[in-house]
Amino acid sequence: MLEAAGIRTLAQLKKLGSVVAYAKVKRCSGSASLNLLWALEGALTGLPWQVVAREHRTSLLLALEQHEQGADRRPAP
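The sequence shown begins at -17 in the working numbering and counts up by one.
What follows is the structure, given as structure tokens:
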């Protein structure tokens, strides 16, 4: 999934962050479970994805919404 979205290294994942990486995967695959977002954030923070889902859910969903709204406003290349 990550590789198909062009994310091949941990350094790339760290640079993008979990929200942008999730959005890229979702765009490439057409569908991605929010569990992937929790898992990506867990990989970056060292927290189990279950803890991320429980304790960081709201902030991640808000960040994802902001990212998606910003992507909608960018002009097409």
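All C-beta atoms in this analysis are idealised placements derived from N, C-alpha and C, irrespective of residue type, glycine included.
- In the displayed model, T40 falls within a helix according to three-state DSSP.
- Only residues of its own chain outside the window of five on either side were considered, and among them A(-13) have a CB closer than 6 angstroms to the CB of K6, listed in chain order.
- Shown here, L(-16) sits in coil according to DSSP, grouped into three states, outside any helix or strand.
- Taking C-alpha positions only, A35 is separated from N17 by approximately 8 angstroms.
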